[in-house]
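Engineer:
Okay, structure coming up:
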């Protein structure tokens with residue numbers, strides 16, 4: 006059925022599968038060369054928070070007919086997303102499809118939230134006004150957030166005989182997939198969080214993330230709206246969409262700084 010070389014690959018994979026994999030719990034997301042590669046070991050990290058930032062209306066772009074325009078938009082969108090995620094201390098960042106995702110330690114959930122709101126603000130106030138695709142189509146984003154246990158290791162091939170490295174980190178588990186699927190539900194510049202993420206916000210009870218700042222009339226309002234999900238691809242029943250265009254021009258910097266401190270308080274306990 007297969008040539009000898011392919012049959013050897015399959016036989017080796019079958020043997021590995023039958024032997025099984027080992028799982029090693031970790032408190033932190035691995036960095037650099039810390040990821041397992043050629044061993045049968047995976048790391049397990051609990052309550053990893055994923056922020057998935059995806060470009061909306063990217064299907065309007067053509068690499069064949071609008072190569073320079075398309076390249077400029079992808080650079081603008083993705084590079085900004087990566088740098089914002091990094092600024093807010095994402096432990097791991099990857100470019101995926103039309104966007105990027107960042108993974109945060111569970112002790113950095115509010116850093117993750119600030120990263121999401123910051124990119125949303127950029128998209129609403131700058132990106133959507135600067136980049137016009139024609140026919141009333143604008144480049145914007147949709148963002149998803151989720152948290153749960155992940156398994157991770159580096160799969161692929163080491164650099165052999167001077168050939169290019171062919172390996173990448175694989176994150177097995179729900180957070181990345183669920184955050185991506187939540188992002189896909191959103192309309193232009195919408196942020197949707199799973200009930201797992203919102204449950205943390207609700208339990209902590211900080212008005213900084215549960216209510217508006219009160220502008221323009223001084224009345225603070227709840228700005229999370231529940232979405233009831235009836236879809237087997239999700240492993241939760243509810244999600245929550247935040248009803249804000251981003252950081253307030255008057256109070257945004259102050260709010261962001263104070264929200265970040267919610268993580269610092271948790272770490273000091």
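Residue numbers (our numbering): 6 to 274. Where a beta carbon is used, it is the ideal one built from N, C-alpha and C, also for glycine.
1. With a floor of 4 residues, list each alpha helix (DSSP H) that falls wholly inside the stretch 194–234, ordered by position along the chain.
2. My guess is that residue 119 and residue 261 are in contact by the Cβ rule of under 8 angstroms, so how many angstroms apart are they, rounded?
3. Could you pull out every residue in the same chain whose Cβ sits closer than 8 angstroms to the Cβ of residue 273, ignoring the five residues on either side in sequence?
4. Could you check the C-alpha separation between residue 6 and residue 14 for me, to the nearest Å?
5. Taking the alpha helix (DSSP H) that residue 72 falls in, what are its first and last residues?
6. Within 10 angstroms of its Cβ, does residue 237 collect 16 or more other Cβ (buried), or is it exposed?
7. Note down, one range per segment and in chain order, each alpha helix (DSSP H) of at least 4 residues found wholly within the stretch 108–174.
8. Exposed or buried, which one is residue 125 when buried takes at least 16 other CB atoms within 10 Å?
9. Give the range of the beta strand (DSSP E) segment to which residue 243 is assigned.
10. Just the Cα atoms here: how many angstroms apart are residue 271 and residue 116?
11. How many angstroms separate the CA atom of residue 46 from the CA atom of residue 22?
12. Measuring CA to CA, which of 55, 31, 12, 82 is closest to residue 187?
13. Taking the alpha helix (DSSP H) that residue 15 belongs to, which residues open and close that run?
14. Restricting to Cα atoms, I'd like to know which of 268, 57, 247, 112 is closest to residue 179.
15. Skipping 5 residues on each side, what residues in its chain have a beta carbon closer than 6 angstroms to that of residue 203?
16. Which value, in whole angstroms, describes the spacing of the CA atoms of residue 25 and residue 182?
17. Once the 5 residues before and after residue 34 are set aside, which same chain residues still bring their CB inside 7 angstroms of it?
18. Please state if the CB of residue 234 and the CB of residue 240 are separated by a distance shorter than 7 angstroms.
19. From the DSSP secondary-structure annotation, give me the bridge partner or partners of residue 97.
20. Pull up the distance between the alpha-carbon of residue 12 and that of residue 19, whole angstroms please.
21. Between the beta-carbon of residue 189 and the beta-carbon of residue 61, is there less than 7 angstroms?
22. If you draw a straight line from the C-alpha of residue 194 to the C-alpha of residue 229, how long is it?
23. Given a cut-off of 7 angstroms on the beta-carbon distance, is the pair residue 114 and residue 205 in contact?
Structural biologist: Judging by the given coordinates:
1. Whole alpha helix (DSSP H) segments, 4+ residues: 200–209, 212–215.
2. For residue 119 against residue 261, the beta-carbon gap comes to about 5 angstroms, under 8 angstroms, which counts as contact.
3. Caution applies to residue 273, whose pLDDT of 40 falls short of 50 and renders its modelled position unreliable; the value that the coordinates give is listed next. Excluding positions up to five away in sequence, the list is empty.
4. Separation of residue 6 and residue 14 (C-alpha to C-alpha, rounded to the nearest whole angstrom) is 13 angstroms.
5. Note, residue 72: alpha helix (DSSP H), 72–92.
6. When all chains shown are included, residue 237 counts as exposed.
7. Whole alpha helix (DSSP H) segments, 4+ residues: 114–127.
8. When all chains shown are included, residue 125 counts as buried.
9. From DSSP, the beta strand (DSSP E) with residue 243 extends over 243–247.
10. Confidence is the limiting factor: at residue 271 the pLDDT is only 44, short of 50, which leaves the residue's position unreliable, though a coordinate-based value still follows. Rounded to whole angstroms, residue 271 to residue 116 spans 12 angstroms at the Cα level.
11. If you take the alpha carbons of residue 46 and residue 22, they lie about 12 angstroms apart.
12. Comparing Cα-Cα distances from residue 187 to each of 55, 31, 12, 82, the minimum goes to 55.
13. From DSSP, the alpha helix (DSSP H) with residue 15 extends over 9–24.
14. Ranking 268, 57, 247, 112 by CA distance to the CA of residue 179 puts 57 first.
15. 245.
16. Rounded to whole angstroms, residue 25 to residue 182 spans 24 angstroms at the Cα level.
17. Its chain contains 50, 53, 96, 97, 108, 110 as the residues whose beta carbon lies nearer than 7 angstroms to that of residue 34, once the 5 sequence neighbours on both sides are disregarded; these appear in chain order.
18. Not a contact, by the Cβ cut-off of 7 angstroms.
19. Residue 97 is bridged to 108.
20. A direct Cα-to-Cα measurement between residue 12 and residue 19 gives close to 10 angstroms.
21. Against a cut-off of 7 angstroms, the Cβ pair of residue 61 and residue 189 comes out as no contact.
22. For residue 194 and residue 229, the distance between alpha carbons rounds to 15 angstroms.
23. Less than 7 angstroms separates the beta-carbon of residue 114 from that of residue 205.
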